[in-house]
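Numbering (this note's numbering), first residue to last: 585 to 917.
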Amino acid sequence: MNFPPRYVSATRMRRMRKDDFSRRLMREHTLTADDLIYPVFVLEGSNQEEAVPSMPGVKRQSLDKLLFTAEEALKLGIPMLALFPVVTRNKTEWAEEAYNPEGLVPTVVRTLREKFPELGIMTDVALDPYTIHGQDGLTDANGYVLNDETIEVLVKQALCHADAGAQVVAPSDMMDGRILAIREALEDAGHIHTRIMAYSAKYASAFYGPFRDAVGSSGNLGKADKKTYQMDPANTDEALHEVALDIQEGADMVMVKPGLPYLDVVRRVKDEFGVPTYAYQVSGEYAMLQAAIQNGWLDGEKVILESLLAFKRAGADGILTYYAVEAAKMLKK
């Protein structure tokens with residue numbers, strides 16, 4: 585048999601790839617359950633559980649059902665849940681229900697903190713679940729979202745959640761100056777340990793559709809959009825400006841949303857600021873992967889873990905993902 589000429593090289597990159605032990609020894613990034621934040625949808629009432637059709641495998645749950653989910657997440661080593669309410673009553677133009685101390689979110693927070701004190705609880709600070717128009721803030725007669733007036737309500741909402749025991753509040757509204765206002769209010773109220781995860785670079789993305797179905801805001805929003813306050817998908821320099829402002833105003837953590845289509849932004853943020861940086865594998869990303877997995881077009885376990893590892897490789901310290909429980913089980917196995 586005639587072999588091709590031997591090419592002598594001092595460096596053969598494949599040497600370290602040959603065996604599992606050497607691949608593991610040089611692995612640059614790892615994914616663990618510590619990297620995962622589990623977004624959950626909570627319903628009013630009891631003994632309630634509803635599938636989200638556009639997010640196969642994801643459910644809306646009443647508090648009594650959510651307790652089992654929280655316990656499972658805790659046992660799997662997931663550090664934190666992110667709560668998103670499904671509000672069907674008391675939606676108004678001024679979103680008063682957002683800061684009702686006996687409302688759905690503070691009630692859920694109090695119960696989870698009592699039952700699972702070691703589990704981190706993060707709450708969404710935004711008004712879209714509570715407004716009749718589905719926008720993240722208060723609007724004027726022309727439907728324009730008002731910045732400063734919205735901040736006044738967001739501050740009340742954040743304080744309400746902190747009073748209930750939320751360790752992390754996460755303003756996702758993209759109003760200018762809301763981080764400073766919330767931080768000052770938390771400090772004045774004695775909540776000096778309440779952390780803020782700012783949705784600093786939140787884009788006006790087409791990937792949010794299934795989430796809006798899940799929380800029931802899509803019907804209220806109708807054909808309107810959020811382009812006057814969420815970022816243009818074409819911009820990355822602007823994202824760095826947004827992140828810089830939020831850090832200056834007192835954010836402890838910053839987030840890029842969506843995730844996989846914006847990993848370049850995650851990398852730029854981490855390189856520029858070096859602060860705790862997170863990304864959200866949003867509902868549209870989840871729905872696309874699930875559709876391909878359920879149709880047998882992709883290997884579920886492999887593609888889920890690979891997609892999550894991509895966030896770590898890009899520089900994210902953690903990932904909000906609807907795959908958190910499933911991925912934690914895979915990693916444990």
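Glycine residues also receive a C-beta, built at the ideal position from the N, C-alpha and C atoms.
Would the beta-carbon of residue 799 fall within 8 Å of that of residue 769? Contact: no.
At least 3 beta-carbon pairs within less than 8 Å: the segment 833-852 vs the segment 600-614: Counting Cβ pairs under 8 Å, fewer than three are found: no touch.
- Taking the alpha carbon of residue 807 as the point to measure from, which residue in 912, 606, 719, 713 has its own alpha carbon closest? Of the candidates 912, 606, 719, 713, the residue whose Cα lies closest to the Cα of residue 807 is 719.
For residue 691, the three-state DSSP class (helix, strand or coil): In this structure, residue 691 counts as helix in the three-state DSSP scheme.
Extent of the continuous beta strand (DSSP E) run through residue 707
It spans 704-709 - the beta strand (DSSP E) in which residue 707 sits, taken as one unbroken run.
*asked:* Assuming residue 870 is part of the alpha helix (DSSP H), what are its boundary residues?
replied: Run containing residue 870: 867-878, per the alpha helix (DSSP H) assignment.
query: Any idea what DSSP makes of residue 835, helix, strand or coil?
result: Three-state DSSP puts residue 835 in coil, outside helix and strand.
(message) Once DSSP output is grouped into helix, strand and coil, what is the label at residue 600?
(response) Looking at residue 600 - three-state DSSP - the assignment turns out to be helix.
In whole angstroms, give me the CA-to-CA distance for residue 794 and residue 636. Going from the Cα of residue 794 to the Cα of residue 636 covers about 8 Å.
inquiry  = Under DSSP, the alpha helix (DSSP H) around residue 653 begins and ends at which residues?
reply    = 647-659 is the extent of the alpha helix (DSSP H) around residue 653.
**Prompt:** Can you list, in chain order, the residues of its chain whose CB lies under 7 Å from that of residue 618, leaving out five sequence neighbours each side?
**Reply:** Correct list, in chain order: 661, 663.
### From 865, 606, 880, residue whose alpha carbon lies closest to that of residue 900
Cα-wise, what sits closest to residue 900 is 865.
Identify the residues that DSSP records as bridge partners of residue 644: which are they?
-> Beta-bridge pairing links residue 644 to 625, 634.
**Prompt:** Do residue 745 and residue 689 have their CB atoms nearer than 8 Å?
**Reply:** Cβ distance < 8 Å, so residue 745 and residue 689 count as in contact.
Exercise. According to the neighbour-count rule (16 or more other Cβ atoms, all chains shown, within 10 Å of its Cβ), is residue 598 buried or exposed?
Worked result: Result: exposed.
* From the DSSP output, in three-state form, read off residue 851 for me. => Note: residue 851 maps to helix in three-state DSSP.
Exercise. Would a C-beta distance cut-off of 8 Å place residue 651 and residue 703 closer than the cut-off?
Worked result: Taking 8 Å as the cut-off, the beta carbon of residue 651 is found no closer than this to the beta carbon of residue 703.
**Request:** Determine, using beta carbons only, whether residue 670 and residue 625 come nearer to each other than 8 Å.
**Result:** In this structure, residue 625 lies closer than 8 Å to residue 670 by Cβ.
- Task: Would you kindly work out how many angstroms separate the C-alpha atoms of residue 691 and residue 749, rounded to a whole number?
- Result: Residue 691 and residue 749 have their alpha carbons spaced roughly 10 Å apart.
Would residue 811 be called buried (16 or more neighbouring beta carbons within 10 Å of its own) or exposed? Flag for residue 811 reads exposed.
Measuring straight from C-alpha to C-alpha, what distance separates residue 910 and residue 855? Rounded to the nearest whole angstrom, the CA to CA distance from residue 910 to residue 855 is 30 Å.
With DSSP as the reference, identify every bridge partner of residue 752, one or two as the case may be. Its beta-bridge partners are 706, 779.
* Measure the Cβ-Cβ separation of residue 873 and residue 887 and say whether it is below 8 Å. => A contact, by the Cβ cut-off of 8 Å.
Exercise. Measure the C-alpha to C-alpha separation of residue 701 and residue 655 and round it to an integer number of angstroms.
Key: Cα to Cα, residue 701 sits roughly 11 Å from residue 655.
From the DSSP secondary-structure annotation, give me the bridge partner or partners of residue 884.
Beta-bridge pairing links residue 884 to no other residue.
Is it buried or exposed for residue 736, if we count other Cβ within 10 angstroms and need 16 for buried? Around the C-beta of residue 736, fewer than 16 other C-beta atoms lie within 10 Å, and the residue is accordingly described as exposed.
Between the alpha carbons of residue 616 and residue 907, how many angstroms are there, rounded? Distance between residue 616 and residue 907, taken at the CA atoms: about 13 Å.
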